[in-house]
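S.K.: Going letter by letter, the sequence shown gives residues -21 to -1, 1 to 369 in mature numbering (1 follows the signal peptide of the UniProt record, and there is no 0).
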Amino acid sequence: MKIHKAFIASFLAVACLTVSCTDSDSTNQSATNQAAETSPQTLKEAFEDDFYVGAALNYRQANGNAPQATEIIKEQFNTVSPENLLKWESVHPKPGIFNFEPADKYVALGQQNNMFVVGHTLVWHNQTPTWVFEDEQGNAVSKEVLLQRMQEHIDTVAGRYRGKINGWDVVNEALNDDGTLRQSKWLNIIGEEFLEKAFQFAHEAAPDAELYYNDYNMWKPEKRDGAIRIVRNLQNKGIKVDGIGMQGHWGLENPSIEQIEASIEAIAQAGVKVMITELDIDVLPNPSNRQGADIDATFEFDERYNLYTTGLPDSVQQKLTQRYTDIFDLFRKHSDKISRITFWGVTDNDSWLNDWPIKGRTSYPMLFDRNYQPKPAFNAVINTAAKKQQ
C-alpha cells in the first residue's frame, strides 16, 4: 500500500513551480529532492515536536488479522489505545477469570513499534459485567465487597502491564453533562470515594504509568469544570492524576472551535495534561443533535440519518477536510498543552459511528477511507503541521 504517493507528488509539483525546476537545472532539482526527503510524510513525523498521534485498535487489528490496517498503524502512529479489549467485560468477564490474550497482543504490538501504549479503561459504568455489583442472589453487594472487587481487578490488569502500558484511563465517563456525578452503581454503592480508590489502586498497581480521567462533551463548561473539580479534589488528597482526556466525538459544525479551545485552556490551567482521546468527525445527521456520546443512547434505523450509502459527496468531503484543518490548527496552537491526539479508529470501516447512534449506518469520520487510502482530510492535517515551518 502506497499511502503517501499523492502527498509527495503534490509537494514536488509545488516545489518545482516555486523554484522553476527543469531537467537541466540540477541545483534546483537537488533542492527539490532534499525538500521532499525532509518534508513530513506521516502523522507521527509531522507532529513529532508537538504531541503523540494515535488510533484506537479493534480486536482484529490488535491480533494482527488486518494487515492493511496494521500497515497504517505502524506507519502513521506513535501511540495506540484499545477500543474494547481492555474493558472489564472483555478482560475480566467472570469472577476469577481473565482473558489476557487479546490485550497481550495489543501491548506487544505497541511495544514492538516503540509506541506510547494506553490502557482503556479500568472503572466505567458501562461494559462492566453485572456480577461485579451483585451477590449470588442478585442483590447489590456492600461497599466493602465492591471496593475489594475493584482493587482485585485493577491490581490484576494494571499490574500485569506494569512498565508496559504507559498511561491508563482510570475512570471513564463518571459525570453528567451538568458536571454532577453520574448515578452509576459505582457511585450508588461506594459513594464519591470510588473515584479516590480507583486512582489510588491504579497508582499502586502501575506506579510509573500516567493516570487520566476521560469523558465526552468536555467542551461544555459545566462538564469540563466538573472534571477539573474531580482532579483537584483528588490531588488535594495527595492522589496522583496526570491528565484529563477530552473525547473528540464531534460533528462538522459543533462544538465550535472556540468552545473546544476554552476547555483546552481551562484544563491546562488546572495543571494537568490535555489529551484528545477519541477523535472522529461525524458527517451524518444525528437524532440526538450530537448531545452526548453515551453508547446506550441508540435509535432505530431511519434512512434520514444514513444519507451517503454509496459514497461521500465532494461537498461533504470538503467540509470534513476543512473541519479537520480547523481542529488541527487549534491543536497546533496549543501544542504546549496537549500531549496526545488519538483517533477513535483507523479507517471509516472501523468506526463505531457505523453503528452509533443507529446501527447499520455508513459513516465517514476518519482520515482513511474503507479502502485504506488517505482522504483529502489526511493531507490537510499534514499541511497544518507544515505551517510551522513557514
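In this text, a Cβ means the ideal position worked out from N, Cα and C, and glycines have one as well.
Between Leu166, Thr289, Ala87 and Ser342, which has its C-alpha nearest Asn265's C-alpha?
M.R.: Ser342
S.K.: Tell me whether the beta-carbon of Leu65 lies closer than 8 Å to the beta-carbon of Ile52.
M.R.: Not a contact, by the Cβ cut-off of 8 Å.
S.K.: Taking buried to mean at least 16 other C-beta atoms within 10 Å of its own C-beta, is Pro353 buried or exposed?
M.R.: Burial call: buried.
S.K.: For Gly98 and Asn285, what's the separation of their Cα atoms in angstroms?
M.R.: 32 Å
S.K.: What's the call for residue 434, buried or exposed, on a 16-neighbour Cβ count within 10 Å?
M.R.: Because residue 434 is not part of the residues shown, which for the chain are -21 to 369, the question remains open.
S.K.: Look at Arg208 and Ile246 and say whether their C-beta atoms are less than 8 Å apart.
M.R.: no
S.K.: According to DSSP, simplified to helix, strand and coil, what is Ser294?
M.R.: helix
S.K.: Under the three-state reduction of DSSP, which class applies to Asp4: helix, strand or coil?
M.R.: For Asp4, the pLDDT reaches just 42, beneath the cut-off of 50, and the residue's location in the model is therefore unreliable, leaving the point undetermined.
S.K.: Spatial neighbours of Lys143 within its chain, please: C-beta separation below 7 Å, excluding the five flanking residues on both sides.
M.R.: Scanning its chain for C-beta atoms nearer than 7 Å, with the 5 sequence neighbours on each side dropped, one finds around Lys143 the residues Val86, Gln90 and Val96, in chain order.
S.K.: Is there contact here, the segment 150 to 160 with the segment 185 to 205, by at least three beta-carbon pairs under 8 Å?
M.R.: yes
S.K.: State buried or exposed for Glu282, treating a residue as buried only when at least 16 other CB atoms are found within 10 Å of its CB.
M.R.: exposed
S.K.: Tell me which residue opens and which closes the beta strand (DSSP E) that Ala35 is part of.
M.R.: Tyr31 to Leu36
S.K.: Hey, would you say Leu160 sits closer than 8 Å to Glu152, going by beta carbons?
M.R.: no
S.K.: Whole angstroms are fine: how far does the CA of Lys176 sit from the CA of Ile218?
M.R.: 9 Å
S.K.: Is DSSP giving Lys73 helix, strand or coil here?
M.R.: strand
S.K.: Which residues does DSSP pair with Ala119 in a beta bridge?
M.R.: Glu113.
S.K.: Comparing alpha-carbon positions, which option in Pro74, Glu115 and Pro81 lies nearest Asn107?
M.R.: In the sequence as displayed, the identity of residue 107 is Thr instead of Asn. Among Pro74, Glu115 and Pro81, the Cα nearest to that of Thr107 belongs to Pro74.
S.K.: Might you give, ordered along the chain, the residues of its own chain that have their beta carbon closer than 6 Å to the beta carbon of Asp327, omitting 5 neighbours on each side?
M.R.: Same-chain partners within the cutoff: Tyr343, Met345, Asp348 and Arg349.
S.K.: I believe Ala356 touches Thr321 by the beta-carbon criterion, under 8 Å. Please report the beta-carbon distance rounded to the nearest angstrom.
M.R.: Contact flag wrong, Cβ pair sits at about 16 Å.
S.K.: Look at Val136 and Val70 and say whether their C-beta atoms are less than 8 Å apart.
M.R.: Note that the C-beta distance between Val136 and Val70 is below 8 Å.
S.K.: Secondary structure at Met94, three-state DSSP: helix, strand or coil?
M.R.: coil
S.K.: Which of the three DSSP states, helix, strand or coil, is assigned to Thr11?
M.R.: Confidence at Thr11 is low in this model, with a pLDDT of 34, below 50, so its placement is unreliable and the value that follows should be read with caution. Thr11: helix per DSSP, three-state reduction.
S.K.: Could you please give the first and the last residue of the uninterrupted alpha helix (DSSP H) stretch that includes His182?
M.R.: Taken as a continuous stretch (DSSP letters only), the alpha helix (DSSP H) holding His182 covers Glu172 to Ala184.
S.K.: For Met129, which option in Glu113, Asn118 and Gly222 has the closest C-alpha, if you only look at C-alpha atoms?
M.R.: Glu113
S.K.: So, at 7 Å on beta carbons, what are the nonlocal neighbours of Thr49 in its own chain, with the 5 sequence-adjacent residues on each side left out?
M.R.: Gln40 and Gly43
S.K.: Rounded to whole angstroms, how far is the Cβ of Trp147 from the Cβ of His104, which I believe are closer than 8 Å?
M.R.: That belief does not hold up - the Cβ atoms of Trp147 and His104 are roughly 17 Å apart, past 8 Å.
S.K.: Look at the alpha carbon of Ala364 and the alpha carbon of Phe26, and state the distance between them as a whole number of angstroms.
M.R.: 6 Å
S.K.: Using DSSP's beta-bridge definition, name the partner residues of residue 370.
M.R.: This structure does not reach residue 370, given that the chain is present from -21 up to 369, and the question cannot be answered.
S.K.: Within its chain, find whatever has a CB closer than 6 Å to the CB of Lys366; leave out the 5 residues flanking it on each side and keep chain order.
M.R.: Take Lys366, set aside five residues on each side of it, and no residue of its chain has a beta-carbon closer than 6 Å to its own.
S.K.: Taking the Cβ atom as the reference point for each residue, do Val253 and Lys316 lie within a distance shorter than 8 Å?
M.R.: Remark: C-beta atoms of Val253 and Lys316 approach each other more closely than 8 Å.
S.K.: Return the CA-CA distance between Tyr140 and Val59, expressed in angstroms with no decimal places.
M.R.: Approximately 14 Å, taken between the alpha carbons.
S.K.: Measure how close the beta-carbons of Glu257 and Trp323 come, nearest whole angstrom, since I'm counting them as under 8 Å.
M.R.: 4 Å
S.K.: Can you name the residues that DSSP bridges to Pro336?
M.R.: Answer by DSSP bridge pairing: none, since Pro336 is not bridged.
S.K.: Ordered along the chain, which non-local residues of its own chain (more than five positions away) have a Cβ less than 6 Å from that of Phe173?
M.R.: Trp165
S.K.: If you measure between the beta carbons of Ile168 and Leu125, is that distance less than 8 Å?
M.R.: yes
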